[in-house]
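So the structure is just underneath, and the comments pick up after that.
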């Protein structure tokens, strides 16, 4: 059973298009995240949701809009794609709060987005 | 700005030797620390977690934490070629957010 899954795994699209990436976790975790990892491999937090509520919203263009229909799902919609959006996008989840282990994050396989 | 610093490497270690990976953090209020391994083209995978000063051992891996020096390390004993990967250090800051280092690329040479 895949703990954190993402679709699609690869996404190739043209500038100006709108695309979505979906994420689902079956770990029963309360918190979910979106990260962007660029070509230099730095992992940058974009958003975090706890029980469907936004708790972290880092400085990202408002072309990026997360949506959490329930605590097991966190989707990412990107409008008007730009060349600089090309990267690997990772979804992750963690148990939530309460003890130090609550913040251990488990990652999905990633979505490699290429904008041409 | 809160930071986690790692040497980007690559760190080259002969097979069978001890690989030592280091990480420093700026937020003295950081509570817990995580080591992740990321193989090329794969997602980060949690390998160690430490929140108390001292050493924590798990198989061939030992995490070391020194809060006074704001320093975390990961030792890999009997290094294997399969340990070749990028190792990411992350600190849970005083706001309960993970602050990530840029990672150290480790190469184990047969």
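Residue numbers (the working numbering), protein chains in the order written: chain H, 1 to 116; chain E, 1001 to 1110.
Cβ atoms here follow ideal geometry from the backbone N, Cα and C, with glycine treated the same way.
Bear in mind that the values here come from a model prediction, so they are computed numbers and not experimental data.
Open item on the list: If I follow the unbroken beta strand (DSSP E) through residue 29/H, where does it start and stop?
Closed with: That residue, residue 29/H, is in no beta strand (DSSP E); it is neither H nor E in DSSP.
- request: Determine the DSSP secondary structure at residue 83/H, reduced to helix, strand or coil.
  value: helix
Segment contact, 8 Å Cβ cut-off, at least three pairs: the stretch 1070–1077 of chain E with the stretch 1023–1039 of chain E
yes
State yes or no: is the beta carbon of residue 1061/E nearer than 8 Å to at least one beta carbon in chain A? In the structure shown, chain A does not exist; the protein chains are H and E.
| Backbone CA spacing between residue 46/H and residue 91/H [nearest angstrom] | 10 Å
Can a CB atom of chain H be found closer than 8 Å to the CB of residue 1103/E?
yes
Taking 8 Å as the threshold, find out whether the stretch 46–58 of chain H comes into contact with the stretch 1032–1042 of chain E through three or more Cβ pairs.
no
If we call anything under 8 Å between Cβ atoms a contact, is residue 25/H one with residue 72/H?
yes
- Task: Leaving aside the five residues before and after residue 1078/E along the sequence, list all residues of the same chain whose C-beta is less than 7 Å from its C-beta, in chain order.
- Result: 1016 and 1060
Worksheet entry | Residues in the stretch 1079–1106 of chain E having any Cβ partner in chain H nearer than 7 Å | 1086, 1088, 1092, 1096, 1097, 1098, 1100, 1102 and 1103
Q: Note down, in chain order, every chain H residue with its Cβ under 8 Å from the Cβ of residue 1032/E.
A: 100 and 103
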